[in-house]
Amino acid sequence: MRLEYFQLIDRIVDLNLADRTISSEATVPTASTIFEGHFPGYPLMPGVLLIETMAQTSGWLVVALNRFARMPFLAQVKEAKLRTFVTPGQQLSIEAHLEHDGSGFAVTEAKIRADGKLICDAKLTFRIVDFPNAEMVKWMRDTAAGIGLSVEARANV
Amino acid sequence: MSSTFETIANIIAETCDIPRDSITPASHAINDLGIDSLDFLDIAFAIDKAFGIKLPLEQWTQEVNDGKATTDQYFVLKNLSARIDDLVAAKGA
Numbered sequence: 001m002r003l004e005y006f007q008l009i010d011r012i013v014d015l016n017l018a019d020r021t022i023s024s025e026a027t028v029p030t031a032s033t034i035f036e037g038h039f040p041g042y043p044l045m046p047g048v049l050l051i052e053t054m055a056q057t058s059g060w061l062v063v064a065l066n067r068f069a070r071m072p073f074l075a076q077v078k079e080a081k082l083r084t085f086v087t088p089g090q091q092l093s094i095e096a097h098l099e100h101d102g103s104g105f106a107v108t109e110a111k112i113r114a115d116g117k118l119i120c121d122a123k124l125t126f127r128i129v130d131f132p133n134a135e136m137v138k139w140m141r142d143t144a145a146g147i148g149l150s151v152e153a154r155a156n157v
Numbered sequence: 001m002s003s004t005f006e007t008i009a010n011i012i013a014e015t016c017d018i019p020r021d022s023i024t025p026a027s028h029a030i031n032d033l034g035i036d037s038l039d040f041l042d043i044a045f046a047i048d049k050a051f052g053i054k055l056p057l058e059q060w061t062q063e064v065n066d067g068k069a070t071t072d073q074y075f076v077l078k079n080l081s082a083r084i085d086d087l088v089a090a091k092g093a
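Quick mapping for you: the protein sequence lines, in order, are chains A and B.
Counting with the numbering used here, you get residues 1 to 157 for the letters of the first sequence.
Counting with the numbering used here, you get residues 1 to 93 for the letters of the second sequence.
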């Protein structure tokens with residue numbers, strides 16, 4: 001995780017377009033200015049960032065399924081459950097699956113585990129819109145490559 | 001058509017917390033019931049699931065924006081019901 005860049009996914013470890021599922025991994029950094037305030041002497045990963053972690057994993061799934069044709073934006077968080085604390089240094093496994101592919105929107109269900117234990121889960125809705133410009137497409141493709149998301153290589157998975 | 005309307009009305013009532021008896025076939029989802037675009041995504045999701053279809057919301061929106069259709073044609077509930085019936089029939093054809 002690079003919290004200061006809002007990059008919460010370290011790597012994509014599995015993408016199955018046929019099953020419409022994705023898995024990713026991330027390690028909570030051992031140090032961050034966020035932990036200086038949340039909380040002093042008692043550092044905890046903020047729950048909203050865990051939700052964002054699920055949203056980013058889901059978002060990469062949506063991007064992969066539409067082959068970088070359009071961009072998802074988080075629109076709704078439902079039934080989010082933050083089940084236990086997450087602390088610096090913990091390794092997280094994130095998974096998401098596409099529950100519904102609507103017209104201009106998508107619904108996913110996502111969860112995070114640590115050491116096999118369920119940490120949190122939520123149902124997320126995204127609006128899917130055109131990329132605002134070519135630079136954003138390039139940035140998304142570059143970022144995807146950096147975390148190991150290669151849609152072309154996995155197109156037949 | 002009536003059962004389609006009943007299903008839609010129940011979805012709207014439950015999703016948007018609107019009294020069921022205030023929802024009629026002549027109700028306009030946006031102008032009369034005040035449903036915003038985010039709530040309509042929930043409604044579309046529930047309709048898609050209930051009828052096994054994919055409401056072409058983007059196409060409808062584009063047609064309205066292009067002046068080729070009015071919102072009444074898609075968002076007055078009796079008209080929405082008829083379009084859902086058409087989509088269901090097309091799916092089964």
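Just so it is clear, CB atoms sit at the ideal spot from N, CA and C, and this is done for glycine as well.
Put simply, of A:Ala75, A:His38, A:Ser32, A:Gly102 the residue whose alpha carbon is nearest the alpha carbon of A:Gln56 is A:Ala75. Under the Cβ distance rule, B:Asp48 counts among the residues neighbouring chain A, one pair being separated by less than 8 Å. In this structure, A:Gly102 is the residue among A:Val151, A:Gly102, A:Tyr5, A:Thr143 with its C-alpha nearest to the C-alpha of B:Lys54. For A:Phe131, the closest Cβ of chain B is not nearer than 8 Å. Residue pairing for A:Phe105: DSSP places it in a beta bridge opposite A:Arg127. Taking 8 Å as the upper bound for CB-CB distance, A:Thr33 and A:Asp10 are not in contact here, some 19 Å apart. Residues of the stretch 100-126 of chain A with a C-beta atom less than 8 Å from some C-beta of chain B are His100, Asp101, Gly102, Ser103, Gly104, Phe105, Val107, Thr125, listed in chain order.
Two segments are said to touch when three or more pairs of C-beta atoms, one from each, lie closer than 8 Å; by this definition the stretch 3-11 of chain B does not touch the stretch 67-74 of chain A. Shown here, B:Gln62 sits in a helix according to DSSP, grouped into three states.
Secondary structure in the stretch 17-55 of chain A: the alpha helix (DSSP H) runs of 4 residues or longer, each lying completely within the stretch, are 33-37 in chain order.
When the Cα atoms are used, B:Trp60 and A:Ser93 turn out to be separated by approximately 39 Å. At a C-beta separation below 9 Å, A:Gln76 has these neighbours in chain B: Leu38, Leu41, Asp42. Using a Cβ-Cβ cut-off of 8 Å, B:Lys54 is close to Asp101, Gly102, Ser103 of chain A, given in chain order. The three-state secondary structure of A:Leu118, taken from DSSP, is strand. Among the residues of chain A, those whose CB is under 9 Å from the CB of B:Leu57 are Gly102, Ser103, Gly104, Phe105, following chain order. About 5 Å separates the beta carbons of A:Leu44 and A:Phe85, which is inside the 8 Å limit, making them a contact pair.
At a cut-off of 8 Å between beta-carbon atoms, B:Phe51 makes no contact with chain A. Segment contact: the stretch 62-69 of chain A against the stretch 135-150 of chain A, three or more CB-CB distances shorter than 8 Å; contact assigned.
The beta carbon of B:Phe75 does not come within 8 Å of any beta carbon belonging to chain A, so the residue lies off that interface. Interface criterion not met: the Cβ of B:Phe5 is under 8 Å from no Cβ in chain A. In its chain, beyond the 5 residues on either side, Met1, Ala26, Leu49, Glu52, Thr53, Gln56 have a beta carbon closer than 7 Å to the beta carbon of A:Leu8.
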